[in-house]
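Protein chains: 2
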Amino acid sequence: MVQPPATLLEDWQTLCARRKAAQADSIPPAWVIEPPQESQLNVLLVPETCGLLSARELELIEIGTRDVSLLVGMLATRKCTSIEATTAYAKSAVIAHQMTNCLTEIFVDRALQRARDVDEYFELHGKPMGALHGLPVSLKDQFTMKGLETIMGYACNIGKFAEEDCVLVEMLYELGAVPFVRTNVPQTLMWGETHNNVFGRTTNPYNRKLTPGGSSGGEGALLAMRGSPLGVGTDIDGSLRIPSAFCGLYTLRPSYERLPYHGAANALTGQESISSVLGPMSTSLSSLKLFTKALVDARPWERDPLVIRKPWNDQEYGLVDHGGGKDMCFAILWDNKVVKPHPPLKRAMEMVKHALEHAGHRVIDWEPLNHLDIYRNAQTILVADGGEDYRKDCAASGEPLITSMSPDVDPHPIDLEVTLVKTLLWQLHKEKRALRKAYLDHWNATKSRTGTGRPVDAIISPAVAYTAVPHGLNYDSFYTTLGNAMDYACSVFPVTFVDPALDVPQPPHEFHNHEDEAFYKLYHPDLFPGLPVALQLIGRTLEEEAVIAMTEVVDAALGKYKEEN
Amino acid sequence: MVQPPATLLEDWQTLCARRKAAQADSIPPAWVIEPPQESQLNVLLVPETCGLLSARELELIEIGTRDVSLLVGMLATRKCTSIEATTAYAKSAVIAHQMTNCLTEIFVDRALQRARDVDEYFELHGKPMGALHGLPVSLKDQFTMKGLETIMGYACNIGKFAEEDCVLVEMLYELGAVPFVRTNVPQTLMWGETHNNVFGRTTNPYNRKLTPGGSSGGEGALLAMRGSPLGVGTDIDGSLRIPSAFCGLYTLRPSYERLPYHGAANALTGQESISSVLGPMSTSLSSLKLFTKALVDARPWERDPLVIRKPWNDQEYGLVDHGGGKDMCFAILWDNKVVKPHPPLKRAMEMVKHALEHAGHRVIDWEPLNHLDIYRNAQTILVADGGEDYRKDCAASGEPLITSMSPDVDPHPIDLEVTLVKTLLWQLHKEKRALRKAYLDHWNATKSRTGTGRPVDAIISPAVAYTAVPHGLNYDSFYTTLGNAMDYACSVFPVTFVDPALDVPQPPHEFHNHEDEAFYKLYHPDLFPGLPVALQLIGRTLEEEAVIAMTEVVDAALGKYKEEN
Chain A
1 MVQPPATLLE DWQTLCARRK AAQADSIPPA WVIEPPQESQ LNVLLVPETC GLLSARELEL
61 IEIGTRDVSL LVGMLATRKC TSIEATTAYA KSAVIAHQMT NCLTEIFVDR ALQRARDVDE
121 YFELHGKPMG ALHGLPVSLK DQFTMKGLET IMGYACNIGK FAEEDCVLVE MLYELGAVPF
181 VRTNVPQTLM WGETHNNVFG RTTNPYNRKL TPGGSSGGEG ALLAMRGSPL GVGTDIDGSL
241 RIPSAFCGLY TLRPSYERLP YHGAANALTG QESISSVLGP MSTSLSSLKL FTKALVDARP
301 WERDPLVIRK PWNDQEYGLV DHGGGKDMCF AILWDNKVVK PHPPLKRAME MVKHALEHAG
361 HRVIDWEPLN HLDIYRNAQT ILVADGGEDY RKDCAASGEP LITSMSPDVD PHPIDLEVTL
421 VKTLLWQLHK EKRALRKAYL DHWNATKSRT GTGRPVDAII SPAVAYTAVP HGLNYDSFYT
481 TLGNAMDYAC SVFPVTFVDP ALDVPQPPHE FHNHEDEAFY KLYHPDLFPG LPVALQLIGR
541 TLEEEAVIAM TEVVDAALGK YKEEN
Chain B
1 MVQPPATLLE DWQTLCARRK AAQADSIPPA WVIEPPQESQ LNVLLVPETC GLLSARELEL
61 IEIGTRDVSL LVGMLATRKC TSIEATTAYA KSAVIAHQMT NCLTEIFVDR ALQRARDVDE
121 YFELHGKPMG ALHGLPVSLK DQFTMKGLET IMGYACNIGK FAEEDCVLVE MLYELGAVPF
181 VRTNVPQTLM WGETHNNVFG RTTNPYNRKL TPGGSSGGEG ALLAMRGSPL GVGTDIDGSL
241 RIPSAFCGLY TLRPSYERLP YHGAANALTG QESISSVLGP MSTSLSSLKL FTKALVDARP
301 WERDPLVIRK PWNDQEYGLV DHGGGKDMCF AILWDNKVVK PHPPLKRAME MVKHALEHAG
361 HRVIDWEPLN HLDIYRNAQT ILVADGGEDY RKDCAASGEP LITSMSPDVD PHPIDLEVTL
421 VKTLLWQLHK EKRALRKAYL DHWNATKSRT GTGRPVDAII SPAVAYTAVP HGLNYDSFYT
481 TLGNAMDYAC SVFPVTFVDP ALDVPQPPHE FHNHEDEAFY KLYHPDLFPG LPVALQLIGR
541 TLEEEAVIAM TEVVDAALGK YKEEN
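Encoded structure:
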């Protein structure tokens with residue numbers, strides 16, 4: 001499968017154009033639909049209305065969107081076959097792609113063959129293959145699959161076909177899943193939007209003029225369009241949580257090395273000070289436990305030497321460390337003193353506060369601590385090679401480094417500021433460790449304020465200070481970096497939608513800094529009507545089970561509150 | 001407590017001499033004994049014969065040496081008081097120090113006051129304070145204690161008094177323990193011997209001309225002399241295992257971040273590629289479970305943000321992943337192809353092989369893989385700052401960097417080779433990760449050879465290729481680095497003693513390299529009679545519970561085998 005890199009033969013523009021044309025050719029001709037009018041901004045209903053999906057297919061997608069564990073239950077009891085589910089989602093994904101440019105690798109025949117194999121397994125053995133039997137799963141364009149390219153946003157990766165599956169894919173196969181599409185990412189992976197020179201820009205299906213976020217933005221757009229029941233993304237600085245927030249999805253950012261990353265392609269390879277982690281993204285909450293438990297139960301530490309040997313803990317999922325889930329105390333981070341959240345986020349936090357109080361829990365204010373120092377420490381770590389990683393991958397094909405996600409800025413070569421690393425990295429680790437200890441002590445000290453005899457059970461915070469913004473304007477990871485730098489397990493969950501009548505602009509506050517002022521000025525309710533508003537739940541390090549369970553508590557409280565109000 | 005560093009006022013020689021004199025003054029005058037004759041090499045029996053300890057004190061020490069959990073049981077049921085146990089061990093430690101120079105901080109009054117407080121707690125509450133109630137515990141000179149200096153082998157730390165306890169000490173106090181002495185280390189902490197400019201050289205009580213190993217060599221000498229029932233050391237490249245092997249002790253090197261290191265002083269602070277870990281050292285096997293379980297049960301992740309949230313797992317201790325401890329398969333690493341072990345080590349491995357087979361287990365050969373590559377990768381990581389850490393600490397007082405552990409080499413200033421770090425560290429991480437994956441796959445592949453349906457349960461290997469050697473000659477971490485670089489949980493356990501009649505020199509083999517030849521030539525049975533011979537048991541990452549249990553299996557098999565042969 002190994003070919004001489006095409007980069008040696010052609011300029012990067014030709015190379016990218018040819019790869020993009022090959023992608024178009026990989027769409028089954030019968031599934032090609034009319035491209036959207038430029039004026040059609042919201043494309044969410046296209047899969048339902050375009051006429052390509054049968055009633056049965058739409059039903060399966062509706063079920064998978066509402067609750068992926070129901071679909072898994074149907075597959076495990078042969079109430080539907082994998083070929084049915086995979087066909088439905090493959091169609092829907094290809095439609096989503098034609099509306100938002102969310103895919104990279106499209107391999108319908110291979111996915112359907114895999115679905116057939118899984119179905120045959122069931123017929124032969126009379127039981128499902130594993131915990132994800134027959135389930136179509138979409139994968140961010142880092143998760144290497146044997147025989148496919150892993151372009152990951154760089155022209156230099158065109159024509160390099162993987163010789164083996166990454167550990168995640170290997171395990172998904174054993175669990176019975178059907179990887180069926182791969183999804184778009186930004187060049188370098190280090191943007192909160194999704195655009196690269198090979199596959200171009202992914203748009204937000206709620207409003208194609210807006211970004212779906214990034215770097216797992218292909219997943220964000222695909223999932224929001226119901227093009228997949230369960231996707232896998234990654235997060236080094238917010239890359240699971242930003243697109244989940246912008247696209248109204250659930251996600252889990254697990255702590256470092258809980259889930260198996262080995263063999264996946266990545267940016268900044270070898271950087272282990274703030275490790276990128278993988279996690280599930282989905283329209284349905286049940287995905288978080290389904291995916292995490294399935295993988296952890298399959299003992300990933302036997303495949304990936306860095307994965308922590310920590311079995312799924314049902315007691316922790318039962319909230320043994322959080323009063324059994326009764327009479328908990330949550331704290332809300334209304335403003336981290338770096339960027340003040342937009343009005344819809346404030347309203348979402350108020351909704352959650354009322355919902356939790358209504359459900360018998362206490363809610364107090366979270367006092368922010370060192371958020372800017374934590375942010376600076378983390379960002380310095382992430383460029384500790386002076387950008388060499390990016391430059392090397394661009395130089396390999398000659399493509400320019402993308403320096404803005406705005407459609408109005410032409411890419412041009414620049415020199416990133418070179419940060420000298422000698423001993424600096426160790427100094428940054430010392431600083432990070434001290435910041436982690438200070439935050440831990442700060443959290444523990446809330447014990448005196450909660451009334452539960454415990455410190456705050458979880459923090460509720462924005463994931464981003466705003467909802468999805470126009471392309472080129474998302475340069476905020478101020479609310480997500482905390483989780484990566486402190487290594488807190490966190491989730492994102494959708495709360496509501498922007499309502500211009502309720503989310504009125506606020507008078508200017510004393511701005512924390514220049515960015516805060518810029519973000520304040522960006523807000524106008526008419527710009528963002530109907531966009532999803534999501535929040536983040538932040539738990540302790542390696543507390544995935546409890547974070548999933550607490551997200552379920554919050555989600556249920558919110559559902560009940562919405563019903564009653 | 002903070003004073004201007006004395007280093008600003010005096011030259012380093014004066015400073016060190018004054019500190020050493022102050023140490024001598026801290027020994028209670030009634031406990032001063034005759035210094036040993038230069039010709040008296042073995043000083044093990046001095047505590048018993050010097051007349052300073054009462055019969056009751058010797059009895060308590062005998063019990064604590066044989067099985068520390070028995071002593072803990074007596075303390076927990078008031079069959080002895082903490083003041084009794086602490087007095088006995090403080091005397092014994094001070095005697096050990098006068099024979100081997102193994103201590104740094106001696107604070108008898110403070111320790112006895114703590115013991116009294118613990119006893120009063122029991123009287124007041126009618127129950128022990130915690131799992132280590134009343135137990136005297138010795139600490140390597142890294143474990144910061146409020147109000148004491150943490151000299152850690154550097155003159156520049158003289159006169160700097162700690163303002164707080166490190167997390168370990170904080171937790172030991174809550175568990176009811178009595179920290180009662182601190183123990184010597186080498187300058188830089190990065191030697192397998194124990195000598196520095198402040199406190200001087202620690203010797204091996206089996207033969208004072210030999211090294212006790214390092215860097216936890218003060219603990220090694222102290223424990224071998226029964227001067228403590230339980231010590232705490234650290235290990236970044238073998239520093240728990242080398243002195244345990246050279247002094248005939250048990251130890252556990254846990255995986256990274258299982259036990260709380262926060263707040264302890266350290267070399268190479270901020271270096272997190274190969275993390276130093278702390279662990280117990282003791283003459284008694286029961287110390288491993290006692291110490292590890294006590295700390296893990298106290299939820300160290302609530303104090304140290306880096307500690308992995310992994311509760312003590314009784315199923316793993318019950319060897320659920322190893323056939324319940326029956327019919328296991330061990331593999332012996334007879335020779336790692338870097339340095340061939342000396343004859344006593346070979347005999348020890350043969351003893352273990354027979355003992356395990358006798359007990360119904362299978363024993364196969366371990367095929368070494370990439371040991372030299374792993375060693376080189378790790379050593380490069382550890383000097384990735386070009387020695388700046390060492391130079392800085394030496395420069396602060398003007399003391400010279402010690403460049404040899406030999407008593408015959410004068411310290412003189414040198415320039416360590418500067419290793420450029422820029423991006424290199426990330427490259428080293430990539431290489432390390434690949435080496436870890438290769439070793440994991442290699443281990444898993446043994447499944448076809450074990451006959452148990454599982455891969456090899458644990459590897460039995462030397463900890464060092466030889467027994468304790470003359471000062472200045474220990475520059476081998478070839479058998480310990482594997483555990484640090486791959487992050488395997490491992491233990492050391494004593495097997496036998498050098499017997500010149502049995503451990504005859506072997507004819508020369510084809511030497512693996514220059515070091516191998518040098519070590520071969522070093523062996524002569526008359527040089528090492530009666531020295532302890534210990535081995536290492538290597539388990540998987542974060543498998544502390546199983547490694548402790550498997551060490552118990554091996555130790556029991558060995559005990560039975562010795563009885564019968």
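Protein chains in written order, with UniProt numbering: chain A, 1 to 565; chain B, 1 to 565. Glycine included, C-beta positions come from ideal geometry on N, C-alpha and C. Small disclaimer: the values here were computed from a predicted structure and weren't measured.
Sequence-distant residues of the same chain with beta carbon closer than 6 Å to residue i, five excluded per side
i        : result
GLU164/B : LYS146
ASP67/A  : SER284 and SER286
SER26/A  : ILE106
VAL547/B : ALA489, SER491 and GLY539
HIS97/B  : LEU103
LEU189/B : SER215 and ALA267
Whole-angstrom C-beta distance between residue j and residue i, which should lie under 8 Å
i        : j        : result
ARG303/A : HIS262/A : 7 Å
ALA359/A : ALA557/A : 4 Å
CYS329/A : ARG362/A : 4 Å
LEU290/A : VAL72/A  : 7 Å
Continuous beta strand (DSSP E) stretch holding residue i: start and end
i        : result
THR551/A : Not the beta strand (DSSP E): THR551/A falls in the alpha helix (DSSP H), residues 544-564.
PRO280/A : 277-282
CYS490/A : 490-497
VAL32/B  : Premise fails: VAL32/B is in no beta strand (DSSP E) and is neither H nor E.
CYS329/B : 329-332
Residue i: first and last residue of the uninterrupted alpha helix (DSSP H) it sits in
i        : result
ILE106/B : Not the alpha helix (DSSP H): ILE106/B falls in the beta strand (DSSP E), residues 103-106.
GLY231/A : No alpha helix (DSSP H) holds GLY231/A; the beta strand (DSSP E) holding it covers 231-235.
PHE519/B : 514-522
Test: residue i CB closer than 8 Å to a CB of chain D
i        : result
PRO305/B : Of the chains in the structure shown, none is chain D; the protein chains are A and B.
Where residue i meets chain A, residues with beta-carbon distance less than 9 Å
i        : result
ASN444/B : GLU302 and ARG303
HIS429/B : THR269, GLY270, GLN271 and GLU272
CA-to-CA distance, residue j to residue i, given in whole angstroms
i        : j        : result
LEU249/B : GLY213/B : 12 Å
TYR89/A  : GLU10/A  : 36 Å
LEU416/B : ILE402/B : At LEU416/B the pLDDT is 44, less than 50, meaning the model places this residue with poor confidence; the figure from the coordinates comes in the next sentence. Each residue's alpha carbon lies about 11 Å from the other.
ASN474/A : PHE519/A : 10 Å
VAL169/B : MET281/B : 16 Å
ALA294/A : ALA76/A  : 14 Å
LEU70/B  : THR380/A : 52 Å
TRP31/A  : GLN427/B : 45 Å
LEU522/B : PRO260/B : 39 Å
SER461/A : MET171/B : 32 Å
HIS322/A : HIS133/B : 29 Å
Heavy atom of the ligand FMN within 7 Å of residue i beta-carbon
i        : result
VAL495/B : What this structure holds is no ligand at all, so the ligand FMN is not there to describe.
Where residue i meets chain B, residues with beta-carbon distance less than 7 Å
i        : result
GLU367/A : Within chain B, no residue comes near GLU367/A; the closest Cβ sits about 18 Å away, beyond 7 Å.
Beta-carbon contacts of residue i that lie in its chain and below 7 Å, excluding the five residues immediately before and after
i        : result
LYS353/A : ILE332 and VAL363
ARG19/A  : ILE158 and VAL198
VAL421/B : Caution is warranted here: a pLDDT of 48 is assigned to VAL421/B, below 50, making its placement in the model unreliable, and the coordinate value is therefore given only provisionally. Here the set comprises ALA384 and ASP385.
Under 8 Å by beta carbon: chain A residues contacting residue i
i        : result
ARG114/B : Near ARG114/B there are no residues of chain A at all, since even the closest Cβ is about 25 Å away, more than 8 Å.
Per-residue contacts from residue i into chain B (C-beta, under 9 Å)
i        : result
THR541/A : TRP301, PRO305, LEU306, VAL307, ILE308 and ARG309
Contacts around residue i, its chain only, beta-carbon distance under 8 Å, and the 5 residues preceding and following it disregarded
i        : result
HIS442/B : GLU367 and LEU369
THR87/A  : GLU57, LEU112 and ALA115
Residue i: contacting residues in chain B (beta-carbon distance under 8 Å)
i        : result
HIS262/A : ARG433 and LYS437
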